[in-house]
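Asks: So the sequence shown is residues 3 to 286, counted in the working numbering.
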Amino acid sequence: MTGNQEVIRTRQVRLSCLGILALVPLLLMAACGGEERRGPTDPVAAALLAEPDSGLAATPLRLSEFGQCPANCLEPWAPPDRWFDADEDGSFNPDPVTNPGEFYDPDLTGYTEPADVGLARTVCLSPSSNTSFGLHTYYAVDFPPLNKGIPVTGADQYRQWLEGCVDSSITVEPCDSLRLEPGNMTGPTAQAVSGLIALDPGAYWDQNAQQVAGSAFPVSPRIVRIPLFSPAAGVVCGGVGSRVRVAKIAAFFIESASVANLTLRFVGEECDWATSVPLSSGSY
Numbered sequence: 003m004t005g006n007q008e009v010i011r012t013r014q015v016r017l018s019c020l021g022i023l024a025l026v027p028l029l030l031m032a033a034c035g036g037e038e039r040r041g042p043t044d045p046v047a048a049a050l051l052a053e054p055d056s057g058l059a060a061t062p063l064r065l066s067e068f069g070q071c072p073a074n075c076l077e078p079w080a081p082p083d084r085w086f087d088a089d090e091d092g093s094f095n096p097d098p099v100t101n102p103g104e105f106y107d108p109d110l111t112g113y114t115e116p117a118d119v120g121l122a123r124t125v126c127l128s129p130s131s132n133t134s135f136g137l138h139t140y141y142a143v144d145f146p147p148l149n150k151g152i153p154v155t156g157a158d159q160y161r162q163w164l165e166g167c168v169d170s171s172i173t174v175e176p177c178d179s180l181r182l183e184p185g186n187m188t189g190p191t192a193q194a195v196s197g198l199i200a201l202d203p204g205a206y207w208d209q210n211a212q213q214v215a216g217s218a219f220p221v222s223p224r225i226v227r228i229p230l231f232s233p234a235a236g237v238v239c240g241g242v243g244s245r246v247r248v249a250k251i252a253a254f255f256i257e258s259a260s261v262a263n264l265t266l267r268f269v270g271e272e273c274d275w276a277t278s279v280p281l282s283s284g285s286y
């Protein structure tokens, strides 16, 4: 096996938990940001991946293989990470025949720092019953992750997480499974976000400096950390309830809100699938 193929295989094992089995190697860039780059159907990628399957994609994943950076005191929200939306319909619907260019990779299409710092995104709260998520969807989620304990449901618990850190010992990291909150969280979300903005009403995003300015705090309380889920893994239903798989943890500035619809500015990555230390450059 060549060095490049070994890198590809290593990524295949590590990313299998995110529902990504047909991967683009690091040396082949995705078609994104309006740049002409090679995507997942590129013949070079196909050739590099043409080696007989070693079975690694089906290998049970141990979180210790990642060297993650567990994060605590997150907001109980989960929007999807970004994907390359080849057909520009806002939905994640890759198809080898009708939509071959659409794909997700946390490195190539997902939020990354510093390239995406300052990027604005408006997201709308979606009920857990709606499994057809889009680029502008986010879900309310329950903590702790399903693989780390029994999630606590309900508006009271959800509101407490929004207003503060209920339990700092509860951590979230890539490949964790988060259960979607089954109740209607529109009211608690609107109330809590309104309170957050009121704590620091003068804070705003400085487009030139690419950072939060005007805050009354060293770090604005309107900067929140949020788990992003893997669109490739999607929303899984049944059993213990609807759930999503964490791809990375990211920080966003809450620029504005209308009821439970939020306009967020990407500030930086906290941690992703491939690192054990915070990735933030300290821009916030």
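Glycine included, each C-beta is placed from N, C-alpha and C at the ideal position.
Excluding the 5 residues preceding and the 5 following residue 119 in the sequence, name in chain order all residues of the same chain whose CB lies nearer than 7 Å to its CB.
Replies: Locating residue 119 in the sequence shown gives position 117, counting from the first residue. Correct list, in chain order: 212, 268, 269, 270, 285.
Asks: Who are residue 144's beta bridge partners in DSSP?
Replies: Position 142 of the sequence shown holds residue 144. Residue 144 is bridged to 181.
Asks: Have a look at residue 209 and residue 88 and give me their C-alpha separation to the nearest angstrom.
Replies: Counting from one through the sequence shown, the residue named residue 209 turns up at place 207. Counting from one through the sequence shown, the residue named residue 88 turns up at place 86. Cα-Cα distance, rounded: 28 Å.
Asks: Within 8 Å, do at least three Cβ pairs link the stretch 170-187 to the stretch 246-257?
Replies: They touch, by the three-pair rule.
Asks: Given a threshold of 16 other Cβ atoms within 10 Å of its Cβ, counted over all protein chains shown, does residue 121 qualify as buried or as exposed?
Replies: By 1-based counting over the sequence shown, the position of residue 121 is 119. Answer is exposed; the Cβ neighbour count stays below 16.
Asks: May I ask which residues mark the beginning and end of the alpha helix (DSSP H) holding residue 128?
Replies: On the sequence shown, residue 128 is found 126 positions in, with the first residue counted as 1. Careful: residue 128 lies outside any alpha helix (DSSP H), inside the beta strand (DSSP E) at 122-128.
Asks: Using the rule of at least 16 other Cβ atoms within 10 Å of the residue's Cβ for burial, across every protein chain shown, is residue 19 buried or exposed?
Replies: Taking the first residue of the sequence shown as position 1, residue 19 is located at position 17. Counting Cβ neighbours within 10 Å, residue 19 comes out buried, since at least 16 surround it.
Asks: Can you say whether residue 170 is buried or exposed, counting buried as having 16 or more other CB atoms within 10 angstroms of its CB?
Replies: As a working note, residue 170 is residue 168 in the sequence shown. The residue in question, residue 170, is exposed, as its Cβ has fewer than 16 Cβ neighbours within 10 Å.
Asks: Taking the Cβ atom as the reference point for each residue, do residue 184 and residue 160 lie within a distance shorter than 7 Å?
Replies: Taking the first residue of the sequence shown as 1, we reach residue 184 at position 182. Taking the first residue of the sequence shown as 1, we reach residue 160 at position 158. No, they are not a contact pair.
Asks: Looking only at its chain, what residues have a beta carbon closer than 7 Å to the beta carbon of residue 223, apart from the 5 residues adjacent to it on each side?
Replies: Here residue 223 refers to the residue found at position 221 when the sequence shown is read from its first residue. Hits under 7 Å: 198, 201, 202.
Asks: Distance, Cα to Cα, residue 204 vs residue 130?
Replies: Translated into the one-based positions of the sequence shown, residue 204 becomes position 202. Translated into the one-based positions of the sequence shown, residue 130 becomes position 128. Roughly 34 Å separates the two Cα atoms.
Asks: In angstroms, rounded to a whole number, what distance separates the CA positions of residue 44 and residue 106?
Replies: If you number the sequence shown from 1, residue 44 lands on position 42. If you number the sequence shown from 1, residue 106 lands on position 104. Note that residue 44 scores 34 on pLDDT, short of 50, meaning its location in the model is unreliable and no value can be drawn from it.
Asks: Go to residue 165, then tell me how far its alpha helix (DSSP H) extends in each direction, as first and last residue.
Replies: Along the sequence shown, one-based indexing puts residue 165 at 163. Unbroken alpha helix (DSSP H) run through residue 165: 157-165.
Asks: Just the C-alpha distance for residue 78 and residue 142, rounded to the nearest angstrom, thanks.
Replies: Numbered from 1 along the sequence shown, position 76 holds the residue referred to as residue 78. Numbered from 1 along the sequence shown, position 140 holds the residue referred to as residue 142. Going from the Cα of residue 78 to the Cα of residue 142 covers about 6 Å.
Asks: Would you mind working out which of 174, 196, 253, 125 sits nearest residue 221, comparing C-alpha positions?
Replies: The residue labelled residue 221 in the question sits at position 219 within the sequence shown. Minimum Cα distance to residue 221 is reached at 253.
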